[in-house]
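Peer 1:
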Amino acid sequence: MENLGSLALLLAFCVSIFALVCSVTGALRKNLYLIAAGQRAVYVVWALITTASGILVYGLVSGDYRMMYVATHANKAMPWVYKISAWWGGQEGSLLFWSWILSCYGVAVVFTNRKQFKTMMPWVVGIMSFTQTFFLVLNNFVVPPFTVWAIGRGIITLPDGQGLNPLLQTPSMAIHPPMLYLGYVGFIAPFAFAIGSLINKQPGDEWIHTTRRWTLITWLFQTIGVTLGMGWAYYVLGWGGYWVWDPVENASVLPWITATAFLHSVMMQEKKGMMKVWNMVLVSATFFLCIFGTMLTRSGIVQSVHAFGISSIGNYFAVFLAISIAATVWLILDRLDFLKSESQLESVVSRESTFLFNNLLLLASCFAVLWGTLFPIISEAIGGEKIGVDAPFFNRVNVPIGLFLLFLTGVGPLVAWRRSSIESLKKNFLWPTVGMFVLMIVLFGAGMRSLYALMSFGLCLFVTMTIFSEFIKGTLVIMQKESMNVVRAVVELTHRNTRRYGGYLVHMGVVVMFIGFTGAAFNQDAVIEAALGETFHLGRYDMKITEVKDGETENYAWMKAVVDVSVGGEHIDTLSPERRVYKSSRQPGSNVDIRRRLNEDLFLNFAAMSQKGNGAVIQAYIFPLVSWIWVGFWVVLFGTLVCLVPAKIKYSYARTEVIGTATNVPREAHAKT
Amino acid sequence: MQRLKSLALLTLLATLSIAQNPMDFVSPDIKRVGMKLSCLCGGCRNSVGDCAMIACGYSLPARQKIKQLQTMGSSDASVIGRFVKEQGLKALSEPEATGFGLLGWVMPGFAIALGLIAIVVYVKRFRRPAVITESEVPAALVAEYEDTAARELDRMQS
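Quick note, the sequences are listed as chains A and B, same order.
Each residue of the first sequence is one higher than the one before, counting from 1 in this note's numbering.
Each residue of the second sequence is one higher than the one before, counting from 674 in this note's numbering.
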């Protein structure tokens, strides 16, 4: 079977080169046969990589321990779900998984655009095939997944495997990497369209809509992936939080930030034909940051619990990045005339300006995260000594930027395109501003002293009021004109312009998430060593360990502390945090127990056995408002899906401009207009 | 035999757990100093003061050491200095605002400043010059008219 897998990968590599050569040659010579051959080769590459992947997954599930990858990432005792997820649990398998997703995107892009962009598509296929070829080089020659154990000429088989890293044996880890990869890999599609349009000097605006749609889809996957990762860190790693600015976490969020910036600034291009160069830079940067993030995770450049260990694979990524960046920069510079702005900025107080500031802040945040991630490496390379950059640095730099972005989230949508008068600004923002300050004063009066928390809560209300005002205004008009009830009017309003109102929902989700983030300012924690039957306290909770149980499953042995939780003498819950030792790997793991509520989570971790009275050492945390982050995520998800629904009314963006006002027109004539 | 194997595993689990029991209550004094020190376990990016990694091989002994030094009367600065002397500057959770570390702090601000300059340049370059009109209509009315027109166009297009 492993030979068949290797053969399939080798053939995929050859066919991918064929697709690249056919597409580029076909585009240059305008040969339709070659172009068609290139596009069909994309389907063949997908079939071959799917075959190879299927063989690996079959090996993992059936326990073919002759294969090194299977023996080091699976064992007999693992549930079948984790046997499948072992596909992306190690370097070789995850790169094959990457290749497979890339080939899926290739098929999707070719199939959905088979009847449009006739002259641009060969370039799109060429760029995707180039990237696919690079990953197949890695799959075939650098980290092949089908290596077998061998002594001399004889293949040996092991009785059982080592099993998957215990940290990865959780349900969210079965979903988190595929989602993240769908996001990471998916950014190839907008990049390929953008570069294809540059090479081809693609006329019209349709391609930018396609690029935007692909970006939105991959952005959605990336958002799901990052949030699942936060959830995993929260309840599996026992970090006592959901985000600690780990280099690999940072690597995952960098392309997400640039893609977010692009999703905003692309509106300037669609509506005004402006910022074309900038959008090209953003799309390219997003793709390169995806590749850079992959390099960071897999090369061992940085230390992280997520990283795959030290490997020479980073050199291959560095070469790929260098070639791709150089080619992109040259192409953008060469095509500057094609990227000329079609209109001008009419006023500094306009929607266009808010997009500029939005992009500035997002990019500043992106740079700060990148800089903080690389600073230890840079300091070691230049100064000879590694300087530590951890969570406090990132928080100090990013919290103010985040708050300013939140402010723009409220301001941006209510400022008109072209120009806004002071009167209209007053009218739109008076009540939200009043609400914001009133809330801040009330919270201050209630004893809240954290400046950032006060600002964050105030801004959350500000943005919420601006979003609601938009929905209310539109709904009232529809209710009056169409005689609809409120619910139908809201649905109708949203359906008429899904992009606009879906966007508002995404903004609302971000606000809800910010409420959750702000809760971190009030976290409480304690590490308590308590004997059996002894009561301990944290915040308003009284807790008592009533029992320490043990047992085993096929996969691991476990110990569980049963903790009764009460408030004011009334029993409210029983939590059972658990410690495990996985049999095959002998690695310990934990399974925390959380009492989730909207106002706060009570989070218990069974840290260790206690030497006093057969009790346990419990790490107890109170995380206020953390559930709002997960709720906000669902709102963001819903809003993004709404954005992807085609609008009921097809809007065309005429490049109209106010070029002046008529002179000497009598007052009455103005009134009539 | 199976029973014996299970017993051995549970003993291992208990041994591992008890061996990981140097956790002490993190007092505010330890936390204050610990927040300025980085957890160098390699698995997280927390500070020693708030690292909650299970069985962390760095932050738990580091906290004990902080406690020990504080009991001996060491000031916060000298405790931190001791860690820096042993581990180098990577022991700190954020760069110092001196020497090369200053660059770490300055660069994000520099990037924002650069971005602002870029915006100013962009606005200057791409801003349409205001149309000068000679009108008898009062300026306030013209502004109101323009505002209405902009709003209407905005509503039509968005």
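Don't be surprised by glycine CBs; every beta carbon is placed ideally from N, CA and C.
None of these values were measured; they are calculated from a predicted model.
1. Strictly by DSSP, which residues pair up with A/Asn591?
2. Using Cβ-Cβ distances below 7 Å, what residues of the region 741–767 of chain B are close to chain A?
3. Using a Cβ-Cβ cut-off of 8 Å (strictly less than) and excluding sequence neighbours within five positions of A/Tyr242, which residues of its own chain qualify?
4. State the start and end residues of the unbroken beta strand (DSSP E) segment that holds A/Ser566.
5. Just reading off the alpha helix (DSSP H) that A/Phe536 is part of, what are its end residues?
6. Helix, strand or coil for A/Gln524, going by three-state DSSP, please let me know.
7. Out of A/Arg586, A/Pro145, A/Glu492, A/Ile127, point me to the one whose CA is closest to A/Leu10's CA.
8. State buried or exposed for A/Ser53, treating a residue as buried only when at least 16 other CB atoms are found within 10 Å of its CB.
9. For A/Phe514, I'd like the list of residues in its chain whose CB is within less than 8 Å of its CB, leaving aside the five on either flank, ordered along the chain.
10. Helix, strand or coil: which one does DSSP assign to B/Gly730?
11. In the DSSP assignment, what are the bridge partners of A/Val619?
12. Can you list, in chain order, the residues of its chain with a C-beta nearer than 7 Å to that of A/Phe262? Leave out the 5 residues immediately preceding and following it.
13. Assuming A/Met436 and A/Ile467 form a contact by the criterion Cβ under 8 Å, report the distance between their Cβ atoms to the nearest whole angstrom.
14. Identify every residue that forms a DSSP beta bridge with A/Val148.
15. Let me check understanding here. Comparing Cα to Cα, which of A/Met268, A/Leu414, A/Val107 lies closest to A/Ala41?
16. Which residues of the region 378–391 of chain A have a Cβ closer than 8 Å to any Cβ of chain B? Give them in chain order.
17. Run down chain B in chain order and give the residues with a C-beta less than 9 Å from the C-beta of A/Arg421.
18. May I ask you to report which of helix, strand or coil DSSP gives A/Thr546?
19. Determine whether the Cβ of B/Met696 lies closer than 9 Å to any Cβ atom of chain A.
20. Tell me, to the nearest whole angstrom, how far the beta carbon of A/Ile594 is from that of A/Phe603; I am working on the premise that it is less than 8 Å.
21. Does the Cβ of B/Gln741 have 16 or more other Cβ atoms within 10 Å, making it buried, or fewer, making it exposed?
22. Do A/Gln202 and A/Met120 have their C-beta atoms closer together than 9 Å?
23. Quick check: what's the CA-CA separation for A/Val329 versus A/Gly196?
24. How would you list, in chain order, the residues of chain B whose beta-carbon sits under 7 Å from the beta-carbon of A/Leu363?
25. What residues from chain B crowd round A/Ala42, counting only those whose CB sits closer than 8 Å?
26. Using a C-beta to C-beta distance shorter than 8 Å, which residues of chain B count as neighbours of A/Val626?
27. Are A/Val70 and A/Leu56 close, meaning C-beta to C-beta below 9 Å?
28. Which term fits A/Phe450, buried or exposed, when burial requires 16 or more other beta carbons within 10 angstroms of its beta carbon?
29. Whole angstroms is fine: what's the gap from B/Gln693's alpha carbon to A/Asp246's?
30. At a Cβ threshold of 9 Å, is B/Arg705 touching chain A?
31. For A/Val415, which residues in the same chain have their Cβ closer than 6 Å to its Cβ, ignoring the five residues on either side in sequence?
32. Just checking, does the region 566–585 of chain A make contact with the region 163–179 of chain A on the three C-beta pairs under 8 Å criterion?
33. Quick check: the Cα distance between A/Trp219 and B/Met745, rounded to an integer number of angstroms?
34. Measuring only the C-alpha atoms, how far is B/Ala822 from A/Leu408?
35. Is the region 75–83 of chain A touching the region 176–187 of chain A in the sense that three or more CB pairs, one from each, lie closer than 8 Å?
36. With C-beta atoms as the reference, is A/Val557 less than 9 Å away from A/Val548?
Peer 2: On the basis of the coordinates in this document:
1. Within the DSSP secondary-structure output, A/Asn591 pairs in a beta bridge with A/Glu578.
2. Cβ proximity to chain A below 7 Å picks out Gly761, Leu762, Lys763, Ala764, Leu765, Ser766, Glu767 from the region 741–767 of chain B.
3. Met230, Gly231, Ala233, Tyr234, Val626, Ile629
4. DSSP places A/Ser566 inside the beta strand (DSSP E), whose first and last residues are 556–567.
5. Per DSSP, A/Phe536 belongs to no alpha helix (DSSP H); it is in the beta strand (DSSP E), 535–538.
6. Three-state DSSP puts A/Gln524 in a strand.
7. A/Pro145
8. buried
9. Gly402, Leu406, Ser456, Leu459, Cys460, Gly632
10. coil
11. Reading off the sequence shown, one finds Gln at residue 619 of chain A, where the question assumed Val. In the DSSP assignment, the residues bridged to A/Gln619 are A/Val527, A/Asn605.
12. Thr215, Asn279, Leu282, Val283, Thr286
13. Rounded, the Cβ-Cβ distance is 14 Å, inconsistent with contact.
14. A/Met67
15. A/Val107
16. Ser379, Ile382, Gly383, Glu385, Lys386, Ile387, Gly388, Val389, Asp390, Ala391
17. The displayed chain sequence assigns Ser, not Arg, to residue 421 of chain A. By Cβ distance, chain B contributes Ala816, Glu817, Glu819, Asp820, Ala823.
18. A/Thr546 falls in the strand class under three-state DSSP.
19. Summary for B/Met696: the model assigns pLDDT 45, below 50, so the residue's position carries little reliability; its value from the coordinates is reported in the next sentence. Answer yes: the Cβ-Cβ gap between B/Met696 and chain A drops below 9 Å somewhere.
20. 5 Å
21. exposed
22. yes
23. 14 Å
24. Within 7 Å Cβ-Cβ: Gly788.
25. In the sequence under discussion, the amino acid at residue 42 of chain A is Val, which differs from the Ala named in the question. Correct list: empty, because the minimum Cβ distance to chain B is about 37 Å.
26. Correct list: empty, because the minimum Cβ distance to chain B is about 14 Å.
27. Taking C-beta atoms as the reference points, A/Val70 and A/Leu56 count as a pair closer than 9 Å.
28. The residue asked about is misnamed: residue 450 of chain A is Ser in this sequence, not Phe. By the 10 Å Cβ count, A/Ser450 comes out exposed.
29. Below a pLDDT of 50, predicted positions are generally treated as unreliable, and B/Gln693, at 44, falls in that range; no measurement from the model is reported.
30. no
31. Arg351, Thr354
32. yes
33. 54 Å
34. 24 Å
35. no
36. With the sequence shown as reference, residue 557 of chain A is identified as Ala, and Val is not the correct amino acid for it. Not closer than 9 Å, so no.
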